[in-house]
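Undergrad:
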Amino acid sequence: MSKDEDRAEPVAEPPASEPGTPPGGVARDSAAADAAAPGDARDADAAEAGVDGTAAESLSGRQRLLAAIWPPRLNRAQLLVAVLLFSLGLGLAIQVRSTSTSDSQLRGARQEDLVRILDEVDARQQRLQSERQQLQQSLTTLQNSSQQAKEAQIQTLTKEQQLGVLAGTVGATGPGIELTITDPAGKVQADMLLNTLEELRAAGAEAVQINDVRVVANTWFADAGTGMVTVGGTQVSQPYRFTVIGNSHDLDTALNIPGGVVQTVDKDQATATVTEKSSVAVTALIPLTSTDYAHSAQP
Amino acid sequence: MIAVLGLVVGVIVGLVVQPGIPTALVPYLPIAIVAALDAVFGGIRAMLDGIFDDKVFVVSFLSNVVVAGLIVFLGDQLGVGSQLSTGVVVVLGIRIFSNAAAIRRHLFRA
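Here the protein sequences come in this chain order: A and B.
Heads up: take any position in the first sequence, counting from 1, add 48, and you land on the working numbering.
Heads up: take any position in the second sequence, counting from 1, add 72, and you land on the working numbering.
1) Since B:Ser154 contacts A:Glu160 with CB under 8 Å, what's their CB separation in whole angstroms?
2) Scan the region 270-340 of chain A and note each continuous alpha helix (DSSP H) run of 4 residues or more that stays entirely inside, going in chain order.
3) Going by beta carbon distance, what residues of the same chain come within less than 7 Å of A:Val292, once the five residues before and after it are set aside?
4) Quick one: using the 10 Å Cβ neighbour count with 16 as the cut-off for buried, is A:Gln286 buried or exposed?
5) Can you name the residues that DSSP bridges to A:Gln257?
6) So the alpha helix (DSSP H) B:Gly78 belongs to, where does it begin and stop?
7) Can you tell me which residues form a DSSP beta bridge with A:Thr228?
8) State the Cα-Cα distance for the pair A:Phe269 and A:Gln311, rounded to the nearest angstrom.
9) Hey, does A:Glu160 have any beta-carbon neighbour from chain B nearer than 8 Å?
10) Would B:Phe113 pass as an interface residue toward chain A - the criterion being a Cβ-Cβ separation below 8 Å?
11) Consult DSSP for A:Thr217 and reduce its assignment to one of helix, strand or coil.
12) Distance check for A:Thr323 and A:Asn304, CA to CA, integer angstroms please.
13) Whose C-beta lies closer than 8 Å to the C-beta of A:Thr301 among residues of the same chain, with five residues either side of it excluded?
14) My output table needs one value for B:Pro102: the three-state DSSP class, helix, strand or coil.
15) May I have the straight-line CA-CA distance separating B:Ile93 from A:Leu183, to the nearest angstrom?
16) Going by beta carbon distance, what residues of the same chain come within less than 6 Å of A:Ala104, once the five residues before and after it are set aside?
17) Would you kindly work out how many angstroms separate the C-alpha atoms of A:Leu336 and A:Gln191, rounded to a whole number?
18) For the region 149-180 of chain B, which segments carrying the beta strand (DSSP E) assignment without a break, of at least 3 residues, lie completely within its bounds, in sequence order?
19) Assign A:Asp91 to buried or exposed, taking buried as 16 or more other Cβ atoms, counted over all protein chains shown, within 10 Å of its Cβ.
20) So within the region 120-145 of chain A, which uninterrupted alpha helix (DSSP H) runs reach at least 4 residues, ignoring any that extend past its ends?
21) Can you tell me the Cα-Cα spacing of A:Thr217 and A:Lys207, whole angstroms?
22) Following the continuous alpha helix (DSSP H) through A:Thr244, name the residue where it begins and the one where it ends.
23) List, in chain order, every chain A residue whose beta-carbon is nearer than 9 Å to that of B:Ala108.
24) With DSSP collapsed to three states, give me the class of A:Gly212.
25) Of the choices A:Ile258, A:Leu211 and A:Arg145, whose alpha-carbon is the least far from that of A:Val229?
26) Do B:Leu79 and B:Ile168 have their C-beta atoms closer together than 8 Å?
27) Under 6 Å Cβ to Cβ from B:Phe171, same chain only, skipping five residues before and after it: list those, please.
Printed below as a string of structure tokens:
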């Protein structure tokens, strides 16, 4: 506190002041007050005309202050000053309170400061908005890609099922026919069965099973004796039961055309019966074998 | 004595009641307070000089507050509000310091 006053001293008076000169000091102070503030000059004017003018010379400043403070006097002047100081204290308390509370940092801010702060907040909001948009976009992209992956997985699974039906590695059900060739005389040979199979395939058979052997692309037929045929390495004896999935009507028609399978079999003293069914099951399987030399050309 | 009591009561009431002030007056309150402080220091100094007059004090107090508020208002209208209020605070601070120096010389003879 004393340091601040010392710093302010050159402003208040010339540097040539020396302590302990009451009359000269007072005179010079009032002169300085005249120079510094017109209001204070009017103080001096009023004092010249006022009541305290004569007493001012006899009392020191300290004594005057003590006299003003004690004993308390209740008069108009004191009340007026008290009211003014009351308002000052009130304003001081309000201001201190409003600046010390943390949430009212903006309360005392000037208009341009507020505008600047608002601009900053706006820019920040825009930045965050664009960031949010970016994140949303990447989220959408990721969701799309994951959906595509799921789609691709479903398609792959479906493809696997279809290829499995073709390759005979999975079972199949669906509408179709059952063809039973009963051959007590043992006249039906492997070529007859092969012809039958060709006929069925031409009519759109999708999955074929002879007795307990699944018939696929590389199934072969060989004669194995009377009433027996080797199908894909497995001996099958008559009656030969074809379980065929496909359009049952087409298959039936294909087998029963003049000169077709049924007539040919009849010529060999055997009987072929075709039964259309709304649902047949091809359950025989071929174990899945991976190729040693051929690789998929597709990536 | 009554005047000092008035100041103390004002501070206490302000702290306890926490009255709200109109937002239009918010920018002017700090400057008004500094101006009033200047008037108060001038009054104390006049009292020590033995030339205190209550009428002059009241007028200078009110005019200080009003003029300070007017200057800030004008500065706000002109777009130099912050600079002008800084200038007002600097001027008033210099006056407060000079008055405080006079008071100090009276009280401590130094």
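Don't be surprised by glycine CBs; every beta carbon is placed ideally from N, CA and C.
Small disclaimer: the values here were computed from a predicted structure and weren't measured.
TA: In this structure, then:
1) The residue given as residue 154 of chain B occupies position 82 in the second sequence. The residue given as residue 160 of chain A occupies position 112 in the first sequence. Contact holds; Cβ gap of about 7 Å.
2) 296-304 and 309-315
3) Residue numbering aside, residue 292 of chain A sits at position 244 when the first sequence is read from its first letter. Same-chain partners within the cutoff: Gly224, Ile225, Leu227, Leu248, Ala253, Val256 and Leu299.
4) In the first sequence, counting from the first residue as 1, residue 286 of chain A sits at position 238. Classification for A:Gln286: buried.
5) For the purposes of this step, residue 257 of chain A is taken as residue 209 along the first sequence, with counting starting at 1. In the DSSP output, where bridge partners are listed per residue, A:Gln257 has A:Arg262 and A:Thr291.
6) Sequence index remark: in the second sequence, residue 78 of chain B carries index 6 (1-based). B:Gly78 -> alpha helix (DSSP H) spans Ile74 to Val89.
7) Here residue 228 of chain A refers to the residue found at position 180 of the first sequence. Answer by DSSP bridge pairing, in chain order: A:Arg289 and A:Thr321.
8) Reading the first sequence from its first residue, position 221 is the one you call residue 269 of chain A. Reading the first sequence from its first residue, position 263 is the one you call residue 311 of chain A. Roughly 21 Å between the two C-alpha positions.
9) As a position in the first sequence, residue 160 of chain A is number 112, starting the count at 1. With 8 Å as the cut-off, A:Glu160 counts as an interface residue toward chain B.
10) Here residue 113 of chain B refers to the residue found at position 41 when the second sequence is read from its first residue. With 8 Å as the cut-off, B:Phe113 does not count as an interface residue toward chain A.
11) Within the first sequence, the letter at position 169 stands for residue 217 of chain A. DSSP places A:Thr217 in coil when its eight states are reduced to three.
12) Here residue 304 of chain A refers to the residue found at position 256 of the first sequence. Here residue 323 of chain A refers to the residue found at position 275 of the first sequence. Distance between the alpha carbons of A:Asn304 and A:Thr323: 12 Å.
13) One-based indexing of the first sequence puts residue 301 of chain A at position 253. Counting only Cβ-Cβ distances below 8 Å, and skipping sequence neighbours, we find Ala251.
14) Position 30 of the second sequence, counting from 1, holds the residue named residue 102 of chain B. Helix at B:Pro102.
15) On the second sequence, residue 93 of chain B is found 21 positions in, with the first residue counted as 1. On the first sequence, residue 183 of chain A is found 135 positions in, with the first residue counted as 1. In a straight line, the C-alpha of B:Ile93 is about 45 Å away from that of A:Leu183.
16) On the first sequence, residue 104 of chain A is found 56 positions in, with the first residue counted as 1. Model confidence at A:Ala104 stands at a pLDDT of 42, short of 50, so the residue's coordinates are unreliable and nothing is read from them.
17) To locate residue 336 of chain A, count along the first sequence from 1; it is residue 288. To locate residue 191 of chain A, count along the first sequence from 1; it is residue 143. Spanning the two alpha carbons is a distance of roughly 35 Å.
18) none
19) Here residue 91 of chain A refers to the residue found at position 43 of the first sequence. Below a pLDDT of 50, predicted positions are generally treated as unreliable, and A:Asp91, at 44, falls in that range; the measurement from the model is reported next regardless. Buried.
20) none
21) Translated into the one-based positions of the first sequence, residue 217 of chain A becomes position 169. Translated into the one-based positions of the first sequence, residue 207 of chain A becomes position 159. For A:Thr217 and A:Lys207, the distance between alpha carbons rounds to 13 Å.
22) Reading the first sequence from its first residue, position 196 is the one you call residue 244 of chain A. From DSSP, the alpha helix (DSSP H) with A:Thr244 extends over Ala238 to Ala250.
23) By 1-based counting over the second sequence, the position of residue 108 of chain B is 36. Going along chain A in sequence order, the residues near B:Ala108 (Cβ under 9 Å) are Leu132, Leu133, Ser135, Leu136, Gly139 and Leu140.
24) The residue given as residue 212 of chain A occupies position 164 in the first sequence. Of the three classes helix, strand and coil, the one that applies to A:Gly212 here is helix, per DSSP.
25) Taking the first sequence and counting its residues from 1, the one referred to as residue 229 of chain A is at position 181. With the sequence shown as reference, residue 229 of chain A is identified as Ile, and Val is not the correct amino acid for it. Selected option, being the one with the closest Cα: A:Ile258.
26) Translated into the one-based positions of the second sequence, residue 79 of chain B becomes position 7. Translated into the one-based positions of the second sequence, residue 168 of chain B becomes position 96. Contact flag unset, no.
27) Residue mapping note: residue 171 of chain B aligns to position 99 of the second sequence, counting from 1. Looking at the sequence shown, residue 171 of chain B is not Phe but Asn. Contacts found: Phe113, Gly114 and Arg117.
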